[in-house]
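Asker: A single structure is presented below for examination.
Number of protein chains: 4
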Amino acid sequence: MYEAREDRHAASSPIGRPRNHRADPAIPRAAVTVLGESGFQGLTVEQVARRAGAGRATVYRRRHTKEEMIIGALDALMADFDVEPSGDLHEDLFAMTRWLRDALLNAPEGRLLPHLAAQAAGDPNFPSSHMDTWVCPWHDAVEAVFVRGRTDGLVRQDVNLSAVVDLLAGVVILRLYLGHGKPLTDEQIQEMIEAVLGGVLL
Amino acid sequence: MYEAREDRHAASSPIGRPRNHRADPAIPRAAVTVLGESGFQGLTVEQVARRAGAGRATVYRRRHTKEEMIIGALDALMADFDVEPSGDLHEDLFAMTRWLRDALLNAPEGRLLPHLAAQAAGDPNFPSSHMDTWVCPWHDAVEAVFVRGRTDGLVRQDVNLSAVVDLLAGVVILRLYLGHGKPLTDEQIQEMIEAVLGGVLL
Amino acid sequence: MYEAREDRHAASSPIGRPRNHRADPAIPRAAVTVLGESGFQGLTVEQVARRAGAGRATVYRRRHTKEEMIIGALDALMADFDVEPSGDLHEDLFAMTRWLRDALLNAPEGRLLPHLAAQAAGDPNFPSSHMDTWVCPWHDAVEAVFVRGRTDGLVRQDVNLSAVVDLLAGVVILRLYLGHGKPLTDEQIQEMIEAVLGGVLL
Amino acid sequence: MYEAREDRHAASSPIGRPRNHRADPAIPRAAVTVLGESGFQGLTVEQVARRAGAGRATVYRRRHTKEEMIIGALDALMADFDVEPSGDLHEDLFAMTRWLRDALLNAPEGRLLPHLAAQAAGDPNFPSSHMDTWVCPWHDAVEAVFVRGRTDGLVRQDVNLSAVVDLLAGVVILRLYLGHGKPLTDEQIQEMIEAVLGGVLL
DNA sequence: CGTTAATCGAGACGGTACGTCGTGTCTTGTG
DNA sequence: CACAAGACACGACGTACCGTCTCGATTAACG
């Protein structure tokens with residue numbers, strides 16, 4: 001499961017009818033659409049195939065489980081991260097944390113995260129490369145802000161900045177999914193940043 | 001959905017044969033047992049009913065979705081929280097955070113959390129009282145440790161301690177469910193506690 | 001099953017709350033009503049009880065199976081047989097045979113007959129007294145017409161008149177239920193009577 | 001319902017995997033087997049499907065109600081009619097009528113007839129072609145006996161022989177299903193034949 | 001007049017069959 | 001070979017009835 005079959009196309013010539021490469025991106029796209037309409041439980045291979053204009057076998061041939069169908073979509077969401085650092089530590093942390101909250105709260109792809117997490121838990125074969133990296137653009141960007149702060153002489157040298165970033169991401173997610181439907185407010189984000197910075201600033 | 005029917009029993013007489021109150025707790029108990037054997041996807045109403053010695057209709061009458069069946073179990077797990085504070089701030093935070101990680105990682109009920117969160121995410125009618133309170137025993141205990149620290153003059157007065165506790169809980173959960181199957185190690189827990197305490201200690 | 005419980009009331013003292021004798025006739029009545037609306041398959045104890053304003057247990061206490069509920073109705077239909085013999089053999093046979101066809105074809109109770117027969121077929125314990133006698137009023141009346149014909153010197157002495165009556169009844173029923181939805185027409189009834197009389201008249 | 005789907009297969013290509021035509025006859029066959037074991041009430045789609053080595057959906061796809069499942073079987077029974085006419089009118093009528101009584105009384109498929117009739121009554125869409133023809137082999141054979149008798153100069157020219165055949169069939173069925181569990185005895189069959197022949201013979 | 005006992009309505013109980021739907025595989029004909 | 005279409009065996013779903021039971025309330029005859 002979860003293995004890429006792309007190598008087949010790298011090889012000389014697979015003989016037979018070539019794959020319809022129009023279907024490759026159409027399937028995840030259809031998955032997200034259906035998902036927005038029917039919810040995660042209502043997401044069906046049949047519906048996705050129909051929407052993508054493909055047969056069920058075509059979907060299965062690509063080894064697309066429910067989860068795989070939408071992983072790409074989540075990656076795409078995080079790749080859309082577009083908060084340009086202004087240079088101001090507080091301001092950048094606030095903007096970026098708020099972006100994370102809003103992306104997970106409002107974007108259709110963002111709402112998938114808990115479902116992916118649920119599936120990943122208890123399934124050691126879940127495509128870890130995706131779970132590995134989904135936060136990466138955001139994580140890296142925030143870490144870069146801290147590194148810049150360190151360069152500017154604002155941040156202590158002896159702090160694991162990656163861990164600090166996870167503190168921020170963690171509390172956003174905690175409040176989103178276990179916070180009785182009340183995600184962090186802007187003020188609470190500020191408060192969290194203050195708390196984190198307390199142990200980070202010189 | 002999710003409405004309490006208890007009031008009917010409190011009222012004079014609900015007419016008709018009264019519900020079998022032996023079955024009420026038996027169903028979630030059976031659900032957790034089955035869940036440990038078959039996993040969340042493999043959890044079947046039929047299996048749960050059989051294990052609980054009840055008919056399928058009896059389960060449906062209780063409006064038990066898969067999730068509702070196990071909410072009580074999760075509450076029970078958190079109620080089992082039994083780390084006695086020693087009085088040492090570092091030590092207590094470490095023990096409690098480690099307990100949380102282990103409970104969610106190892107206990108059958110703990111492994112349900114992401115599934116509950118996923119369900120709650122898209123369902124505003126999800127029994128919020130449960131999501132409200134599931135962390136409470138743990139949260140309150142950790143907050144109490146901080147408060148004691150404040151009393152002892154170790155912790156700053158101007159810090160929102162509840163928010164700090166959420167920082168810890170958040171990072172534990174983040175790494176559990178989105179951390180590529182690599183939960184926080186004991187060393188990383190220590191590291192996180194250091195980071196948090198940096199902004200909290202006087 | 002099928003045993004009469006009437007003896008209980010004949011016995012000295014029933015003690016306890018007496019049965020609601022208003023419900024006794026209400027149940028078969030409700031059964032026929034429901035049957036006209038929902039068909040035989042759709043006839044459920046629940047519906048009948050509801051319609052009769054009774055509880056399900058009240059119905060079961062009377063040992064009413066689906067079939068028992070409606071047997072009485074069929075008896076009542078046949079008891080309604082009201083064709084007065086004119087004295088003319090042909091005319092009377094025609095009127096009576098036509099009445100039988102129409103009763104079984106049009107009356108709601110009449111349409112039950114094949115269902116009762118089907119049930120009786122595989123159930124040796126089926127209340128035979130009812131199947132015994134359901135045609136009796138009709139059978140007896142037609143036989144009486146033949147007997148009168150014999151008295152009048154029209155009919156042979158050496159013919160089993162009861163058997164001849166069954167020939168007529170049989171063909172009516174055959175064409176009703178196995179005759180591709182085309183019951184005997186008036187002309188065909190005449191034809192059958194001619195055929196039968198051919199072997200009966202002097 | 002009851003519509004033939006065969007035309008689709010006759011047409012060029014129905015696209016999609018073709019129906020498993022091995023299952024088509026297997027389903028009624030399994031139905032009769034199960035029916036002999038469990039009775040009509042105990043006949044379950046699940047059981048039939050299992051016995052036929054098919055899935056439940058495969059049965060439903062064939063639009064098989066309980067009744068449709070066994071229609072073919074009844075046709076097969078009547079096709080087994082194998083009483084060779086000896087040339088003697090009385091003897092042949094007796095043998096054939098006795099065969100009919102025994103087939104409906106003893107053969108598992110024969111016992112289905114009242115259930116089919118019950119279903120057909122009140123369902124104008126019931127596959128009439130089957131009810132049309134189920135008696136045909138028998139009917140035609142008996143009529144042929146009468147025709148031969150006419151050829152031999154034994155039978156009157158002005159009698160509707162088909163109607164006479166129905167008189168015989170009707171009384172057999174009447175006594176089978178409404179005759180308080182006492183089908184016609186051999187002597188009674190003789191008696192009925194006598195009565196019928198009385199109006200038929202020259 | 002209170003006790004006793006069987007009835008009533010209502011409705012939950014453990015079961016079981018229903019007909020639908022989704023799964024992942026397969027089997028066609030057509031590129 | 002891949003493709004679309006769709007049938008296949010399987011099995012879970014949620015509903016509906018079954019026949020039984022357990023309630024509180026009712027309604028007599030008996031003590």
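Chains as they are written, first to last, in the working numbering: chain A, 1 to 202; chain B, 1 to 202; chain C, 1 to 202; chain D, 1 to 202.
Glycine included, every Cβ here is placed at the ideal spot set by N, Cα and C.
(1) Start and end of the alpha helix (DSSP H) containing D/Phe146?
(2) Please report the straight-line C-alpha distance between C/Cys136 and D/Ser13, rounded to a whole angstrom.
(3) If you draw a straight line from the C-alpha of C/Glu109 to the C-alpha of C/Ile70, how long is it?
(4) Quick one: does D/Val196 have its CB under 8 angstroms from some CB of chain C?
(5) Between B/Glu3 and chain A, is there a C-beta pair that is closer than 8 angstroms?
(6) Rounding to the nearest angstrom, what Cα-Cα distance links C/Leu202 and C/Arg22 in this structure?
(7) Kindly indicate which residue of D/Gly16, D/Ser86 and D/Thr65 has the alpha-carbon position closest to the one of D/Leu43.
(8) Which of the three DSSP states is assigned to C/Val32 in this structure?
(9) Just to confirm the assignment: which complete alpha helix (DSSP H) runs, minimum length 4, are found wholly within the segment 74 to 134 of chain A?
(10) Output the distance between the C-alpha atoms of A/Asn192 and B/Trp138, rounded to the nearest integer angstrom.
(11) Between D/Pro114 and D/Gly72, which are expected to be in contact by the criterion C-beta below 8 angstroms, what is the C-beta distance as a whole number of angstroms?
(12) Can you pull the chain D residues whose beta carbon is under 7 angstroms from the beta carbon of C/Ala169, in chain order?
(13) Check this for me: beta carbons of A/Leu161 and A/Glu187, under 8 angstroms apart or not?
(14) Who pairs with C/Val155 in a beta bridge, going by DSSP?
(15) In terms of residue numbering, what span does the alpha helix (DSSP H) encompassing B/Ser206 cover?
(16) Could you please give the first and the last residue of the uninterrupted alpha helix (DSSP H) stretch that includes D/Gln47?
(17) Any idea if C/Gly153 is buried or exposed, counting beta-carbon neighbours within 10 angstroms, 16 or more meaning buried?
(18) Chain A beta carbons: is any one of them nearer than 8 angstroms to that of B/Leu178?
(19) If A/Tyr177 sits next to B/Ala117, beta carbons under 8 angstroms apart, how far is it from one beta carbon to the other, in whole angstroms?
(20) In whole angstroms, give me the CA-to-CA distance for B/Asp140 and A/Val147.
(21) Alpha carbon to alpha carbon, how far is C/Gly122 from D/Leu74?
(22) Looking at the structure shown, is B/Ala54 part of a helix, part of a strand, or coil, going by DSSP?
(23) Going along the segment 61 to 94 of chain B in order, which residues come within less than 7 angstroms of chain A, judged by CB to CB distance?
(24) What would DSSP say about B/Glu187, mapped onto helix, strand or coil?
(25) When the cut-off is 8 angstroms and only beta carbons count, does D/Pro114 lie next to chain C?
(26) Tell me whether the segment 90 to 101 of chain B and the segment 158 to 173 of chain B touch, counting them as touching only if at least three CB pairs, one residue from each stretch, are closer than 8 angstroms.
(27) Are there 16 or more other CB atoms within 10 angstroms of the CB of C/Ala10, so buried, or fewer, so exposed?
(28) Shortest alpha-carbon distance to D/Val155 belongs to which of D/Gly199, D/Ala195, D/Pro124 and D/Phe40?
(29) Report the three-state DSSP secondary structure of A/Ile15 (helix, strand or coil).
(30) State yes or no: is the C-beta of D/Ile173 within less than 8 angstroms of the C-beta of C/Ile173?
(31) So which residues of chain C does D/Glu191 contact, with C-beta pairs closer than 7 angstroms?
(32) Does any residue of chain D have a CB that is nearer than 8 angstroms to the CB of C/Pro118?
(33) With distances taken from CA atoms, which of D/Phe126, D/Met96, D/Lys182 and D/Asn106 is nearest D/Val165?
(34) Assign D/Tyr2 to one of two classes, buried (16 or more other C-beta atoms within 10 Å of its C-beta) or exposed (fewer than that).
Answerer: So, from the listed chains and residues:
(1) Taking the fourth sequence and counting its residues from 1, one reaches residue 146 of chain D at position 146. D/Phe146 -> alpha helix (DSSP H) spans Cys136 to Thr151.
(2) Indexing the third sequence from 1 puts residue 136 of chain C at position 136. Indexing the fourth sequence from 1 puts residue 13 of chain D at position 13. When rounded, the distance between both Cα atoms is 60 angstroms.
(3) Counted from its first residue, the third sequence places residue 109 of chain C at position 109. Counted from its first residue, the third sequence places residue 70 of chain C at position 70. Using only the alpha carbons, I get a separation of about 8 angstroms.
(4) Here residue 196 of chain D corresponds to residue number 196 of the fourth sequence, with the count starting at 1. So, interface residue.
(5) One-based indexing of the second sequence puts residue 3 of chain B at position 3. Unreliable placement is indicated for B/Glu3, whose pLDDT of 41 sits below 50; the coordinate value is still reported in the next sentence. B/Glu3 does not count as touching chain A.
(6) In the third sequence, the residue the question calls residue 202 of chain C occupies position 202. In the third sequence, the residue the question calls residue 22 of chain C occupies position 22. When rounded, the distance between both Cα atoms is 54 angstroms.
(7) One-based indexing of the fourth sequence puts residue 43 of chain D at position 43. Taking only the C-alpha atoms, the option nearest D/Leu43 is D/Thr65.
(8) The residue you call residue 32 of chain C lines up with position 32 of the third sequence. Three-state DSSP puts C/Val32 in a helix.
(9) 89 to 106, 113 to 120 and 128 to 133
(10) Sequence index remark: in the first sequence, residue 192 of chain A carries index 192 (1-based). Sequence index remark: in the second sequence, residue 138 of chain B carries index 138 (1-based). Looking at the sequence provided, one finds Met at residue 192 of chain A rather than Asn. Going from the Cα of A/Met192 to the Cα of B/Trp138 covers about 20 angstroms.
(11) On the fourth sequence, residue 114 of chain D is found 114 positions in, with the first residue counted as 1. On the fourth sequence, residue 72 of chain D is found 72 positions in, with the first residue counted as 1. Not quite, the Cβ-Cβ distance comes to about 17 angstroms (not below 8 angstroms), so this is no contact.
(12) Reading the third sequence from its first residue, position 169 is the one you call residue 169 of chain C. In chain order: Leu174.
(13) For this step, residue 161 of chain A is matched to residue 161 along the first sequence. For this step, residue 187 of chain A is matched to residue 187 along the first sequence. No, Cβ-Cβ distance for A/Leu161 and A/Glu187 is not below 8 angstroms.
(14) Counted from its first residue, the third sequence places residue 155 of chain C at position 155. C/Leu201.
(15) Any property of residue 206 of chain B remains undetermined from this structure, which presents chain B solely from 1 to 202.
(16) Mapped onto the fourth sequence, residue 47 of chain D falls at position 47. Taken as a continuous stretch (DSSP letters only), the alpha helix (DSSP H) holding D/Gln47 covers Val45 to Arg51.
(17) Along the third sequence, one-based indexing puts residue 153 of chain C at 153. Exposed, by the Cβ-count rule.
(18) Along the second sequence, read from residue 1 onward, the residue named residue 178 of chain B stands at position 178. Output row for B/Leu178: interface = yes.
(19) Within the first sequence, numbered from 1, the residue matching residue 177 of chain A stands at position 177. Within the second sequence, numbered from 1, the residue matching residue 117 of chain B stands at position 117. With 8 angstroms as the limit, A/Tyr177 and B/Ala117 qualify as a contact, their Cβ atoms being about 4 angstroms apart.
(20) Here residue 140 of chain B is taken as the residue at index 140 of the second sequence, counted from 1. Here residue 147 of chain A is taken as the residue at index 147 of the first sequence, counted from 1. Those two C-alpha atoms are separated by around 34 angstroms.
(21) The count along the third sequence starts at 1 and reaches residue 122 of chain C at position 122. The count along the fourth sequence starts at 1 and reaches residue 74 of chain D at position 74. About 16 angstroms.
(22) Position 54 of the second sequence, counted from the first residue, corresponds to residue 54 of chain B. If DSSP states are grouped into helix, strand and coil, B/Ala54 belongs with coil.
(23) none
(24) As a first step, residue 187 of chain B is located in the second sequence; it is residue number 187 there, counting from the start. Helix at B/Glu187.
(25) Residue 114 of chain D sits at position 114 when you count from the first residue of the fourth sequence. With 8 angstroms as the cut-off, D/Pro114 counts as an interface residue toward chain C.
(26) yes
(27) Mapped onto the third sequence, residue 10 of chain C falls at position 10. At C/Ala10 the pLDDT is 41, less than 50, meaning the model places this residue with poor confidence; the figure from the coordinates comes in the next sentence. C/Ala10 is exposed by the Cβ-count criterion.
(28) The count along the fourth sequence starts at 1 and reaches residue 155 of chain D at position 155. Of the candidates D/Gly199, D/Ala195, D/Pro124 and D/Phe40, the one whose C-alpha sits nearest the C-alpha of D/Val155 is D/Gly199.
(29) As a working note, residue 15 of chain A is residue 15 in the first sequence. Three-state DSSP puts A/Ile15 in coil, outside helix and strand.
(30) As a working note, residue 173 of chain D is residue 173 in the fourth sequence. As a working note, residue 173 of chain C is residue 173 in the third sequence. In this structure, C/Ile173 lies closer than 8 angstroms to D/Ile173 by Cβ.
(31) For this step, residue 191 of chain D is matched to residue 191 along the fourth sequence. Simply Asn160 and Ala163.
(32) Locating residue 118 of chain C in the third sequence gives position 118, where the first residue counts as 1. In the sequence under discussion, the amino acid at residue 118 of chain C is Ala, which differs from the Pro named in the question. Interface residue, yes.
(33) Here the question's residue 165 of chain D lines up with position 165 in the fourth sequence. Ranking the options by Cα distance to D/Val165, first place goes to D/Met96.
(34) The residue you call residue 2 of chain D lines up with position 2 of the fourth sequence. A caution first: D/Tyr2 carries a pLDDT of 42, below 50, which makes its placement in the model unreliable, though a value can still be read off. Exposed, because fewer than 16 other Cβ atoms sit within 10 Å of the Cβ of D/Tyr2.
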